[in-house]
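Chemist:
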Amino acid sequence: MAIYLIRKLEHFAKLSNEERTSLERAASLQLRQLNPREDIIYEGDQPTQVHLILNGWACRYKVLEDGRRQILGYLIPGDICDMRMFILKEMDHSIGAVSPISVAEIPKETIIALTDAFPRLSRAFWWNSLVEDAITREWIINNSQRESTERMAHLFCELFIRLRMVGLTNGNSCEIPVTQAELGETMGLSTVHVNRTLQELRALNLVNLKGRILTIPDLKALQVVAMFNDNYLHLDRDGHAMDANEG
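So the number in the numbering used here is just where the residue sits in the sequence shown, counting from 1, plus 51.
See the structure below:
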């Protein structure tokens, strides 16, 4: 159940069999299935558990009083939606399904027990939270400073690399179950502008988005266009910094 989470955390530290088993057990106790546009948790709700995406995609978002929606981040298999939110009184944003998803609902007491029992796992969770913060900072830069072509190229680079981290790419292709309207809500662009930007990237043979499948013929070329530096994803640890024999 927790295979994608384990793969992601092992970019920071090689987990022991006991740690993997404990994560698998925690992720299998209470499952929930949602359809696209259904909410996992609403802004204003009091979080009492942590949500782990097992399959499918979700997003963080805020809605203005006039109904306009801003997507703040995408959550893919292996992502924990609200690792630290249960410490707060209420949610300050909503989390909703983008595609049909399967979610593990893990009580906060279980998370506390895991982090108390396994210090290395606790540090891996810290690493994961710090990467999430870094992604948020990069999105602010992306949506405020880059032109639309650069902006979309950067988003596709990030999503492809994050999916590759957990083994969800197929060669130079991956599934991205996001509509053009949702891309617009992500990048602050109209649907017409999104379509035009996609056509520009396709004409340059940088991306091909057909249905739900994104193909990137030359990732390095796309990264150049996007001015993409993957340092904020902190991939260079590769699990070597702390192995399963360390305390």
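The beta carbon of each residue, even a glycine, is placed where N, CA and C say it ideally should be.
May I ask you to list the residues that DSSP assigns as paired with Lys113?
Modeler: BP columns for Lys113 point to Gln121.
Chemist: Pick helix, strand or coil for Thr99, following the three-state DSSP scheme.
Modeler: Reduced to three states, the DSSP call for Thr99 is coil.
Chemist: Could you tell me the alpha carbon to alpha carbon distance between Pro128 and Gln196, rounded to whole angstroms?
Modeler: Each residue's alpha carbon lies about 29 Å from the other.
Chemist: Is DSSP giving Trp177 helix, strand or coil here?
Modeler: The answer is helix: DSSP assigns Trp177 an H, G or I state.
Chemist: Going straight from the alpha carbon of Asp130 to that of Lys113, what length do you get?
Modeler: So the alpha carbons of these two residues sit roughly 19 Å apart.
Chemist: Mark Asp133 as exposed unless 16 or more other C-beta atoms lie within 10 angstroms of its C-beta, in which case mark it buried.
Modeler: Buried is the call here.
Chemist: For a minimum of 4 consecutive residues, which ranges assigned as the alpha helix (DSSP H) are wholly contained in the segment 178-240?
Modeler: Here the runs fully enclosed are 199-216, 231-238.
Chemist: Whole angstroms is fine: what's the gap from Ile57's alpha carbon to Glu94's?
Modeler: One C-alpha to the other measures close to 28 Å.
Chemist: DSSP on Ala155, reduced to helix/strand/coil?
Modeler: If DSSP states are grouped into helix, strand and coil, Ala155 belongs with the strands.
Chemist: Out of Pro98, Pro87, His62, point me to the one whose CA is closest to Ala109's CA.
Modeler: Here the closest residue by C-alpha is Pro87.
Chemist: In chain order, what residues of the same chain lie with their CB nearer than 7 Å to the CB of Ile5, ignoring the 5 residues before and after it?
Modeler: As shown, the chain starts at 52 and ends at 298. That puts residue 5 outside it, with no answer to give.
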